[in-house]
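Be aware that the sequence shown starts at 1007, since it is given in the numbering used here, and climbs by one per residue.
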Amino acid sequence: MSMRRSSLHELPPPPPGILSEVHSFLRGLGAPPYRYQQLVTAFQRGAQSFQEVRDLPSDLRQQLVSRFGLTVLPLEVETVRTGAQVEKVLFRTRTGARVETVLSRYRAGWSSVCVSTQAGCGLACSFCATGALGLERNLSADEICAQVVHRRWSSEPGGAPKSVAFMGMGEALANPNVLTALSVLTAPGYGGLSPRRITVSTVGLAPALAALTEAHPQVTLTLSVHSPFPEQRAQLIPLERRFTLEENLAILDRHVLRARRKTYLAYLLIEGINDSEEHLAALARLVQRRSRPELFHVSVIRYNAAFGADPSFRAPESSRVDDFVARLHRLGVNATRRQQFGADIDAACGQLRAESLGRLGRRRPSGDPRG
1007 MSMRRSSLHE LPPPPPGILS EVHSFLRGLG APPYRYQQLV TAFQRGAQSF QEVRDLPSDL
1067 RQQLVSRFGL TVLPLEVETV RTGAQVEKVL FRTRTGARVE TVLSRYRAGW SSVCVSTQAG
1127 CGLACSFCAT GALGLERNLS ADEICAQVVH RRWSSEPGGA PKSVAFMGMG EALANPNVLT
1187 ALSVLTAPGY GGLSPRRITV STVGLAPALA ALTEAHPQVT LTLSVHSPFP EQRAQLIPLE
1247 RRFTLEENLA ILDRHVLRAR RKTYLAYLLI EGINDSEEHL AALARLVQRR SRPELFHVSV
1307 IRYNAAFGAD PSFRAPESSR VDDFVARLHR LGVNATRRQQ FGADIDAACG QLRAESLGRL
1367 GRRRPSGDPR G
């Protein structure tokens, strides 16, 4: 789609990150404002380097290369694995950190991308493959956004992903750059996504959860529960000992009253661990005690065997998962079974671990908390 010259001045200044540096650099050179718009548009359309932005004069392209290198894109594809309706890409950052991103394609013709926010994770959840890696570092806002807009997705049938889930490697709310990334992804002229098409999953970093509900109230939230009993939940999610489930639910109670947005409670069903009648009844009571219980939706996830997770954990029979959901319904709780793709290529919930990190021998006793 061509853009009229008169509209090229309308792109707002970017949030902090590499584009902000480019914006300032172009202003310092005295370049017309529309040059910045031309550059952003070119990268949105799949340009991979400054030299590919043919709308810019050659001398300006060379000045950008001299200042920033060949490209502003911070990720390179290292390996790709494909499965039914799923593609998992191992990206390498400029510093050598490796993260995994998963694209799911739905038969209705649209796609969703699951992005990572950290290289590794430091929260030691017992059900997640990233637990074997520990935390290497937070990803920058640029590295997070680049997973969404990478040319690999936009060149596919159906175009760029229509929704984004912050459910990849890392605890999203442990990385303050996530708030900046959300601003970029939802800003008109940049990501341009509706915040309602973005889901942020957390195991419950309460202060950051409160900040997120204030900064981006229309983003969809998912809180990992996995057990309604505090002692057991602390074994599954050690962060429970710092920020309790009830503390996080109180934040969500206030959030749904203000935003009137449905909020999700993720429940990872593990055979013989959290699938009893007692767990079911306590989970239902937990939802029924909410300020607006009709706005809380339980997303039941069948456990996926994961490298580095507790070896005693087992996946329940598929029928057992469906029965658990049905019994929640009978107790008046809104619930569905989460549709999952990619277990055959270790791309389903809890399985991301950036395989090459393991080959490099990075082993630390911590984990990725997502569910």
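Every residue gets a Cβ at the ideal spot worked out from N, C-alpha and C, and that includes glycine.
With contacts defined by Cβ atoms closer than 8 Å, residue 1304 and residue 1255 do not form a contacting pair. For the 8 Å CB-CB criterion, residue 1339 and residue 1298 do not form a contact.
Within the same chain, 1269 come within 6 Å of residue 1258 by CB-CB distance, once the 5 residues on both sides are set aside.
Counting only runs of at least 3 residues, the segment 1023 to 1106 fully encloses the following beta strand (DSSP E) elements, listed from N- to C-terminal order: 1081 to 1089, 1092 to 1099.
Residue environment: residue 1320 is assigned as exposed (fewer than 16 neighbouring CB atoms within 10 Å of its CB, all protein chains considered). According to DSSP, residue 1307 shares a beta bridge with 1274. Residue 1150: member of the alpha helix (DSSP H) spanning 1147 to 1155, first to last residue. With the rule of 3 Cβ pairs closer than 8 Å, the segment 1208 to 1218 counts as touching the segment 1174 to 1182.
Remark: three or more beta-carbon pairs, one from each stretch, lie closer than 8 Å, so the segment 1306 to 1323 and the segment 1118 to 1134 are flagged as touching. The residue from 1157, 1334, 1279, 1098 with its alpha-carbon nearest to that of residue 1318 is 1279. At a Cβ-Cβ threshold of 8 Å, residue 1093 and residue 1109 count as neighbours.
In the structure shown, the three-state DSSP call for residue 1111 is strand. Taking C-alpha positions only, residue 1274 is separated from residue 1253 by approximately 20 Å. With the rule of 3 Cβ pairs closer than 8 Å, the segment 1191 to 1201 does not count as touching the segment 1236 to 1254.
Partner residues in a beta bridge of residue 1179, as assigned by DSSP, do not exist.
Residue range 1340 to 1343 is occupied by the beta strand (DSSP E) that includes residue 1341.
Of the other Cβ atoms in all chains shown, 16 or more fall within 10 Å of the Cβ of residue 1199; this residue is therefore buried.
Taken atom to atom, the span from the alpha-carbon of residue 1173 to that of residue 1035 is near 40 Å. The residues 1222, in chain order, have a CB closer than 6 Å to that of residue 1188 in the same chain once the five nearest residues on each side in sequence are set aside.
Boundaries of the alpha helix (DSSP H) harbouring residue 1254: 1251 to 1265, taken from the DSSP string. Contact annotation: residue 1122 and residue 1099 have beta-carbon atoms that are not nearer than 8 Å. Across the set 1125, 1062, 1127, 1152, the C-alpha of 1152 shows the shortest separation from the C-alpha of residue 1119. For residue 1185, the three-state secondary structure derived from DSSP is helix.
The alpha-carbon of residue 1291 is positioned some 52 Å away from that of residue 1048. Residue 1143 and residue 1064 have their C-alpha atoms roughly 37 Å apart.
Each residue's CA atom was taken as its position, placing residue 1104 and residue 1233 some 31 Å apart. The C-alpha of residue 1323 lies about 12 Å from the C-alpha of residue 1307. For residue 1219, the enclosing alpha helix (DSSP H) starts and ends at 1212 to 1221. Residue 1295 and residue 1250 have their C-alpha atoms spaced approximately 16 Å apart. The closest CA to that of residue 1071, considering only 1083, 1058, 1081, is found on 1058. Annotated three-state conformation of residue 1192 is helix, per DSSP. In the three-state reduction of the DSSP assignment, residue 1248 falls in the coil class, being assigned neither a helical nor a strand state.
Of the other Cβ atoms in all chains shown, fewer than 16 fall within 10 Å of the Cβ of residue 1283; this residue is therefore exposed.
Assigned with DSSP and collapsed to three states, residue 1141 falls in strand.
Counting along the chain, the unbroken alpha helix (DSSP H) around residue 1330 starts and ends at 1324 to 1336. C-alpha of residue 1046 to C-alpha of residue 1246: approximately 42 Å in a straight line.
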